[in-house]
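Data block below; observations after.
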Amino acid sequence: IEYVERAFETIENSDEIEELSPSLGRLLVSQARSILTMKSVVQNLNDDLEKHLKMIREKLIREHPIKSKIHRWIESKLFEERRNYILQHQWDAHQLSIDQCKALGNQQAAYFIQRDFIFRKDHELILRCNLKSPIEPSKTIECSRSIWFPSKI
Numbered sequence: 671i672e673y674v675e676r677a678f679e680t681i682e683n684s685d686e687i688e689e690l691s692p693s694l695g696r697l698l699v700s701q702a703r704s705i706l707t708m709k710s711v712v713q714n715l716n717d718d719l720e721k722h723l724k725m726i727r728e729k730l731i732r733e734h735p736i737k738s739k740i741h742r743w744i745e746s747k748l749f750e751e752r753r754n755y756i757l758q759h760q761w762d763a764h765q766l767s768i769d770q771c772k773a774l775g776n777q778q779a780a781y782f783i784q785r786d787f788i789f790r791k792d793h794e795l796i797l798r799c800n801l802k803s804p805i806e807p808s809k810t811i812e813c814s815r816s817i818w819f820p821s822k823i
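If you're matching positions, the sequence shown starts at 671 in our numbering and goes up one per residue.
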């Protein structure tokens, strides 16, 4: 983390980058910080999921000592639990990223993550349904065929 902060400070104070465009260094550092924030949020959520699944596995082994020896049974239960956990926490990454970007003072990144969150939550499913290709083709074209083979003439 200390190395990253020193690199950010160097980028922000770089005269060469400032010559290219005013405040470009600050923009690059802001973008990098928002990406690091989002990665850490996703990593934390993945760690929470793994802890939850480990706890569920231990609970299943404790409550069902015989069934838990059947690999398919325990894997199906864990798969079910993973799916439920993901559905319950599907918007947490967006919410936590928005909160952390705002806490860091990166309002622009928070704004765009908020826009993405609103789109995915409210509009994406509707657009996917409307733009999905029909299962059956709307037109079918039939044409006759004839094979031309000169040796048969």
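Quick reminder that beta carbons are idealized off the backbone N, C-alpha and C, glycines included. Owing to the predicted nature of the structure, the values given are computational and were not obtained by experimental measurement.
message: If I measure Cβ to Cβ from residue 696 and keep anything under 7 Å in the same chain, skipping five residues before and after, which residues do I get?
response: Cβ within range, chain order: 682.
Buried or exposed by the 16-neighbour rule on C-beta atoms within 10 Å, applied to residue 778: Burial call: exposed.
- request: Assuming residue 748 and residue 723 form a contact by the criterion Cβ under 8 Å, report the distance between their Cβ atoms to the nearest whole angstrom.
  value: That pair is a contact at about 6 Å.
field: Beta-carbon gap between residue 791 and residue 780 smaller than 7 Å
entry: Cβ distance not < 7 Å, so residue 791 and residue 780 don't count as in contact.
query: Which word fits residue 680, buried or exposed, when buried means at least 16 other C-beta atoms lie within 10 angstroms of its C-beta?
result: Exposed.
- request: Would you please state the rounded distance, in angstroms, between the beta carbons of residue 783 and residue 768? I believe it to be under 8 Å.
  value: With 8 Å as the limit, residue 783 and residue 768 qualify as a contact, their Cβ atoms being about 5 Å apart.
query: Helix, strand or coil: how does DSSP classify residue 738 here?
result: In the three-state DSSP reduction, residue 738 falls in the helix class (H, G or I).
task: Thinking residue 776 and residue 700 are a contact (beta carbons under 8 Å), I'd like their distance in whole angstroms, please.
output: For residue 776 against residue 700, the beta-carbon gap comes to about 5 Å, under 8 Å, which counts as contact.
query: Any idea if residue 704 is buried or exposed, counting beta-carbon neighbours within 10 angstroms, 16 or more meaning buried?
result: Buried: at least 16 other Cβ atoms inside 10 Å.
query: Residues in its own chain within less than 7 Å of residue 711 by CB, not counting five upstream and five downstream?
result: Excluding sequence neighbours, residue 711 sits near 763, 766, 767, 770.
- request: Determine the direct distance from the alpha carbon of residue 741 to that of residue 684, and round the result to whole angstroms.
  value: Distance between the alpha carbons of residue 684 and residue 741: 57 Å.
- prompt: Between residue 731 and the rest of its own chain, which residues show a CB-CB distance below 6 Å, the 5 nearest in sequence each way excluded?
  reply: Counting only Cβ-Cβ distances below 6 Å, and skipping sequence neighbours, we find 738.
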